[in-house]
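Asker: Residue numbers (the numbering used here): 2 to 341.
All C-beta atoms in this analysis are idealised placements derived from N, C-alpha and C, irrespective of residue type, glycine included.
The structure displayed is predicted, hence computed values, not measured ones.
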């Protein structure tokens, strides 16, 4: 398992050959940035930067203040700082950045979630804040390098998923059946060798709704303790399903060398255009209509699943190798795009 930092100077500088500001751009990922901190935590879905005639950068319609977790805020600040260090956007141009999970109102901006056809770096797709903040899951990769995961054939013969109740705002017990993640968990309860449960209740409509949801999920046996990535990766098959946006855990699941079963989505991240069904993962229809068929196929084709797991891991490593190039591609596209 490689343990290099995909945003480290030794890997990033080669992507910036010939640029006079390359050291300044790389330095953005070596320190914290607070220049835009007062506006990066607003409830609006995106913000826009414009370069003035004097060379400075100004914000267009700064969003109102609200709380945003540091783990999400800091990599977004670093993205903005890197753009400014590279002289982006040029005078008279605008650079936009997605802030929150909700689909942005502006089509042309740096985004970590978009319609699949426009999710690649060539359309402004950037790694999600968790991937950036973790330097491509660096600590996790270091842990797996120190204590290697077992070979695929020696992992637990089980299909597993853990996650929170994202995917539906103002959730209450009467709307549970509308939640795709809940439907997945209920369906898998009926299948031997499957374990899909929630670890957190979020986005409840009220404190009473939160209480009721917890009670119902516990009564159904669908609420449990969180498992660390290394515990999940000890299983042969890992499920992946969207919440509010794409699951930000897909890349580390591929890195783990487990075989990923992914519920299909119309949304995409910066690397999803490279994924191939039955080469890097096993697809499940969005409506779960073939869920049992897919799991039966996996269990009856262990060699194929082992090969899919290995290919998925190789692709994930390639994605990290090209993280710097993808960031630059997305920045240049967003900076050159006309204002929405």
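(1) Does the distance from the CB of residue 178 to the CB of residue 172 come in under 8 Å?
(2) Quick one: what does DSSP say residue 126 is sitting in, helix, strand or coil?
(3) For residue 262 and residue 160, which I take to be in contact (beta-carbon distance under 8 Å), what is that distance rounded to the nearest angstrom?
(4) Let me confirm a value: residue 327 is counted as buried when at least 16 other C-beta atoms fall within 10 Å, else exposed. Which label applies?
(5) Considering Cα atoms alone, identify which of 162, 332, 226 and 241 is closest to residue 197.
(6) With three or more beta-carbon pairs closer than 8 Å as the criterion, would you say the region 144–161 touches the region 181–188?
(7) Tell me the rounded alpha-carbon separation between residue 205 and residue 218.
(8) Return yes when the Cβ of residue 258 is within less than 8 Å of the Cβ of residue 153, no when it is not.
(9) State the Cα-Cα distance for the pair residue 149 and residue 91, rounded to the nearest angstrom.
(10) Report back the beta-carbon spacing between residue 237 and residue 156 to the nearest angstrom; my notes put them in contact at under 8 Å.
(11) Once the 5 residues before and after residue 27 are set aside, which same chain residues still bring their CB inside 8 Å of it?
(12) Tell me the rounded alpha-carbon separation between residue 132 and residue 95.
(13) For a cutoff of 8 Å on Cβ pairs, would you count residue 244 as touching chain D?
(14) Can you tell me whether residue 168 is helix, strand or coil according to DSSP?
(15) For the 8 Å Cβ check, are there 3 or more pairs between the region 224–238 and the region 69–86?
(16) Pull the bridge partners of residue 238 from the DSSP assignment, please.
(17) Kindly identify the DSSP beta-bridge partner or partners of residue 284.
(18) From the DSSP output, read off the bridge partner residues of residue 229.
(19) Only counting the same chain, and skipping five residues up and downstream in sequence, which positions put a Cβ closer than 7 Å to that of residue 313?
(20) Taking the CB atoms as reference points, tell me whether residue 115 and residue 268 lie closer together than 8 Å.
(21) Starting from residue 198, trace the beta strand (DSSP E) both ways and give me its first and last residue.
Answerer: Let's see:
(1) no
(2) strand
(3) 7 Å
(4) buried
(5) 162
(6) no
(7) 13 Å
(8) yes
(9) 47 Å
(10) 5 Å
(11) 10, 13, 14 and 17
(12) 25 Å
(13) Included in the structure is just one protein chain, with no chain D present.
(14) coil
(15) no
(16) 160 and 260
(17) 263
(18) DSSP lists no partner for residue 229.
(19) 255, 261, 281 and 282
(20) yes
(21) 195–201
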